[in-house]
Amino acid sequence: MDKAYPLGHTDVVEYSFTSDKGLNEDLVRKISSMKDEPEWMLDIRLKALKKYREMTMPTWGGDLSPIDFEDIHYYVRPKTQDAKTWEDVPEAIKNTFEKIGVPEAEREMLAGVKGQYDSEVVYGSLKKALSEKGVIFLSMDEGLKLYPEIVKEHFGKVIPMGDNKLAALNTAVWSGGSFVYVPNNVDVGLPLQAYFRINTENAGQFERTLIIAEEGSKMHYIEGCSAPSFSSASLHAAVVEIYVKKKAKVQYSTVQNWYKNVYNLVTKRARVEEDAEMRWVDGNLGSKLTMKYPSCILVGRRAHGEVLSIAWAGGGQHQDTGAKMIHLAPETTSQIISKSISKNGGRATYRGMIHMVPGAWGSRSKVVCDALILDEKSRSDTYPVNKIQENDVVLEHEATVSRVSEEQLLYLQSRGITAEEASAMIVNGFMEPVVKEIPMEYAIEMNRLVELEMEGSVG
Amino acid sequence: MLKIKNLKVKIEDKEILKGIDLEIMQGEVLALMGPNGSGKSSLANAVIGNPKYEVIEGEIIIEGKNILEMKPEERAKLGIMMSFQYPLAIPGVTVREMLLTAMRGRGLTVSALDLKNQIALEGEKLHIDAMLLNRSLNEGFSGGEKKKFEILQMRILKPKLLILDEVDSGLDIDALALIATNVSEMVREIGMSVLVITHYQRLLKYLEPDRVVILKEGLVVDSGGKEIVDKLEKEGYKSYG
């Protein structure tokens, strides 16, 4: 029983424009012209389409064969005013929101009643404070319109279109996503949250996000949410590119809880300069298959990269996640902490790479992979790859696979805690080192979700 | 308080307890002694409801209720608590979180802050390093720290029946005395009953039993007052041939 999704599909949403199924050059031109893009962006899209056609699907990860790429609407622009009302939302969904404590203001948006809630009212003052500091926080489409030079200089440079077939696909048909620019020495303060963004489209299938943190700046970006997200689209292929310039600090947190029919194939990478720090915090709870390996290219001396991730693989799910750290400069440091939980036949895979090139002397990396397997049907695999081309470096790797032991359960039960509560407590305890790094409200929701998932799971 | 009648228990098809009769009164300290493998720990595990120990015959009665069909957590809520011989580590969970869940599970309204203060106070009395209260329960703790944390939990949960399973293993004399003092206090203050399982005599110097029961090969072979401990000291278990 997977109780976090007792909900079935959401209703059909009306769209103002829906492309025909399948992908061709005309469609790419149409997307670009509907968005009124500059010629150079159309060129990039068309080149990427060509790349996409030339490249082959990755076969080393999860099973992508069920995806019918001809059966996908590559461009969908939802109506700005949806016809649905809160009354139309099934009771079960409302109950789930209630149980995990989603704030009132966000429920309607999550249920698909509104593409966005009234952000002007709620976040108008935040927006003003940001613009006074010179922070730009827009949808990618708006960013391209208003700041074409900045976009042109950075777009597709950290993740070139030919990086992988899905990055090529995203580059050809991208829509939505965020554009964030933080000027020199500005500390953004409060986390920027993707769904506070103004005038956004619905979380798209092919989101494209570009974040530029100038020298000495500091910011935290949060995307997704831990409440179940409903999507009529079965393929999501996002690209996130981040520039962390000298002495800047960026944290990018994701809590992904897509419906369990979704293929979530994401490319995320940051370029980290001298004395700068990049930290990816990544929680994957939903989707049928997620393939995602947030990466840091440590290009400047003493640059630091971190990935903290949690994967939850329930019945019918495969979480194929991990991290990549590319050490290109001396004294660069990185840390990967990956935790996975597999349950009810779910499969969790860790796939990671540490690459230290000649000349990256004095670099250090630490990798910790912990897997918790909750029953006999479930599975966990670890595929670490280390490519070390420099002698004067330190690399540590720890991996553990554990089960919730009957002794642990008995110990907690003997204190008066039910077996269900005890399992949830052990699972939450296992996730704690990563969960404590995300904002409190997300952490509480994640813990509640685990409790929901564990309900009725212990005989 | 606790009444055990003709209890037969097996583990993995091996009969360990072969018909035990035992009774503990309210506020009584009963020492259960016997050589290794005599069934002392099996008895304790059967009382707390460890599913690995299968009761094939007999009754375990707490305050008039037969608890054999109850889950371990239900028995705990009736007031049974065991201090484990080898307390388990629970990574990512502090003693506070665990006790808060346990208290609320008993239907008690407890504020997290009050509980925190109470735990800090009791921890101090047990000479527990305050830093340990913020760490994962029992993870990387020394043998002595683990046992002190068991007693700390007793202080908060205030059981009606405490089972001390080999609490003296791995403890120095100071810690042993401290634990014995804490347990004796609870006996005096709330009339807690105690089943002390040990095969050494030294614990009983600090925690004086009202009665002593000797187990051997799954059967009660002797019972009586403190004098039995002295007899054991001289003759060992051989006299029970």
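Protein chains in written order, with numbering that gives the first Met the number 0: chain P, 0 to 458; chain X, 0 to 240. Where is the CB? At the ideal position from N, CA and C, for every residue including glycine.
The alpha-carbon separation between P/Lys287 and X/Gly190 amounts to approximately 56 Å. Distance from the CA atom of X/Ile172 to the CA atom of X/Gln200, rounded to whole angstroms, is 13 Å.
Distance from the CA atom of P/Val243 to the CA atom of X/Ile155, rounded to whole angstroms, is 50 Å.
Between the alpha carbons of P/Glu450 and P/Gln388 lies a distance of about 45 Å. Taking 9 Å as the threshold, the shortest C-beta distance from X/Glu72 to chain P falls below it.
Annotated three-state conformation of X/Arg210 is strand, per DSSP. With respect to P/Val400, P/Ser364 sits apart: the two C-beta atoms are not nearer than 9 Å. Between X/Leu67 and chain P, the shortest Cβ-Cβ separation is not below 9 Å. Taken in chain order, the complete beta strand (DSSP E) segments of 3 or more residues contained in the region 128 to 175 of chain P are 135 to 138. Looking at the backbone, the Cα of X/Leu21 and that of X/Lys2 are separated by about 6 Å. Residue environment for X/His126: exposed (fewer than 16 other C-beta atoms within 10 angstroms of its C-beta). In the three-state reduction of the DSSP assignment, X/Thr100 falls in the helix class. CA-CA distance, P/Val403 to X/Ser135, rounds to 16 Å.
Around the beta carbon of P/Leu411, a 10 Å sphere encloses 16 or more other beta carbons of the protein chains shown; the residue is thus reported as buried. P/Ile149 and P/Ile135 have their alpha carbons spaced roughly 11 Å apart. Within the same chain, and ignoring the five residues on either side of P/Glu69 in sequence, the residues whose Cβ sits closer than 6 Å to its Cβ are Gly21.
Per DSSP, P/Phe178 is one residue of the beta strand (DSSP E) stretching across 177 to 181. Not one beta carbon of chain P lies nearer than 9 Å to the beta carbon of X/Gly142. The C-alpha of P/Gly161 lies about 24 Å from the C-alpha of P/Tyr349. For X/Gly26 against X/Ser192, the beta-carbon gap comes to about 6 Å, under 8 Å, which counts as contact. For P/Glu431, at least one C-beta of chain X is nearer than 9 Å to its own C-beta.
In this model, X/Val46 and X/Asn116 are separated by some 32 Å (Cα to Cα). Taking one beta carbon from each stretch, the region 71 to 89 of chain X and the region 431 to 441 of chain P have fewer than 3 pairs nearer than 8 Å; the two do not touch.
Classified as buried, P/Trp173 has 16 or more neighbouring CB atoms from the shown chains inside 10 Å of its CB. Burial state of X/Ser110 is exposed, judged by a 10 Å Cβ sphere holding fewer than 16 other Cβ atoms. Beta-bridge partners of P/Trp360 (DSSP): none assigned. Below the 7 Å Cβ cutoff, chain X contributes Glu72, Ala75, Lys76, Ala101, Gly104, Arg105 as neighbours of P/Gly415, in chain order. Residue P/Gly175 holds the alpha-carbon nearest to the alpha-carbon of P/Lys144 among P/Asn390, P/Asn169, P/Gly175, P/Pro293. Closest in alpha carbon position to P/Ile325, among P/Phe205, P/Gly61, P/Tyr292, P/Asn283, is P/Tyr292. By the Cβ rule, the region 157 to 166 of chain X counts as touching the region 71 to 79 of chain X, because three or more pairs are nearer than 8 Å. Interface annotation, P/Tyr410: in contact with chain X, CB-CB separation under 9 Å. Within the region 160 to 194 of chain X, not one residue has a Cβ closer than 7 Å to any Cβ of chain P. Close CB contacts of P/Lys246 within its chain, under the 7 Å cut and outside five residues either way in sequence, are with Glu214, Gly215, Asp274, Ala275 (chain order). Between the region 330 to 337 of chain P and the region 7 to 22 of chain X there are fewer than three C-beta pairs closer than 8 Å, too few to call the two in contact.
Bounds of any beta strand (DSSP E) do not take in P/Asn446; it lies within the alpha helix (DSSP H) bounded by 439 to 453. Contact check for X/Lys4 against X/Gly57 passes: the beta carbons are separated by less than 9 Å.
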